[in-house]
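A short worksheet on the structure shown next.
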Amino acid sequence: MKVGFIGLGIMGRPMAKNMLKAGVDLMVADLNKEAVADVVAAGAVEASYAEIGEKCERIIIMVPSGAITKSILFDEGGVASTVKAGTIICDMSSVTPVESKECYTALKEKGVGFLDAPVSGGEPGAVAGTLAIMAGGDEKDFNEMKEYFDILGSSALLIGESGSGSVTKLANQVIVNNTIAVVSEAFVLATKAGADPQKVYEAIRGGLAGSAVLDAKIPMIVERNFKPGGPIRINHKDIKNVVNTAHSIDVPIPYTAQLYEILQTLKIHGHMNDDHGGIVQYFEKLADVEVKKFD
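Here it is in structure tokens:
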């Protein structure tokens, strides 16, 4: 069975390579020709969107936004112009549930299955094949895609109907980004008070304040390593989607609304390509202190 993979960015490229390592017959597309050449060198075949629609029975999309997904699918020369009934398309991008439902409805009319199946785990999880996959859509389509989810992730769960995977990812982003912000605020406080942030981390990580976020981000922050696994620009987009989605269904989100303004400030100051551990820089600027290892 031929599989199409569209979107070879910071997440998509290692995901595609893991599929090749597992022996999947893969056709790929991306606007970044260097990324395409790299994955082709690993064994894939380059193709247009229309060629992928025509020749592939399973298609995965991993791009920055829902607008890009819809363009890839429905613009002239897009996947939907040639796709055959019985094909399953899986969007693993982080988008709004509304965008996912629109794709599901339009493709269902063609007899094509559609899953929204965003992931958590960042670049490290994409490289290691340990992503957490949260899916929305029809159970039969999820079951058909499960063999590929098992290559890409350590867990995959069907949450419910179309759009439920996307809203689960939004909830994930609320928790992750707000936790990074709170951790940042706490460590700026400790550092400004004269405590070694590395030792503060070691002291609290085994208690109730411990978390996967703490363990992932504080070692990077104290080393001043903001090389992106999950860049602020992607999280900025996701949190904007959270705000818009929440407002559309009358859910107040006071913490996350404030978080969006923090991310907006970081955007203005040129930090969009930093890892989201770089959220700490907002709090450091306020307190005029830098959270780093003591000499």
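The sequence shown begins at 4 in the working numbering and counts up one residue at a time. For each residue, glycine too, the CB sits at the ideal point set by N, CA and C.
**Message:** Just to confirm before moving on: does the CB-CB distance between residue 200 and residue 270 stay below 9 Å?
**Reply:** no
**Asked** Which whole-angstrom value describes the C-beta separation of residue 72 and residue 94, a residue pair presumed to lie in contact below a C-beta threshold of 8 Å?
**Response** 5 Å
**Item:** Identity of the residues DSSP links to residue 234 by a beta bridge
**Value:** 278
**Start and end residues, alpha helix (DSSP H) containing residue 2** = Any answer about residue 2 is impossible in this case: the structure gives the chain only from 4 up to 298.
**Message:** Suppose the cutoff is 8 Å on Cβ atoms and the five residues either side in sequence are ignored; what does the same chain contact list for residue 289 look like?
**Reply:** 191
**Item:** Test item: CB-CB of residue 161 and residue 132 under 9 Å
**Value:** no
**Request:** Evaluate residue 230 with the Cβ neighbour count: other Cβ atoms within 10 Å of its Cβ, from every protein chain shown; 16 or more gives buried, anything less gives exposed.
**Result:** exposed
**Request:** Ignore the nearest five residues each way along the sequence and tell me which others in residue 90's own chain have a CB closer than 8 Å to its CB.
**Result:** 56, 59, 60, 61, 62, 115, 116
**Prompt:** Can the beta-carbon of residue 121 be found less than 9 Å from the beta-carbon of residue 157?
**Reply:** no
**Prompt:** Is the beta carbon of residue 45 less than 9 Å from the beta carbon of residue 20?
**Reply:** yes
**Prompt:** Helix or strand or just coil, what does DSSP make of residue 50?
**Reply:** coil
**Asked** DSSP three-state call for residue 28: helix, strand or coil?
**Response** strand
**Asked** How about residue 145 and residue 135: are their beta carbons less than 9 Å apart?
**Response** no
**Prompt:** Which whole-angstrom value is the C-beta distance of residue 259 and residue 242, which I expect to be below 8 Å?
**Reply:** 6 Å
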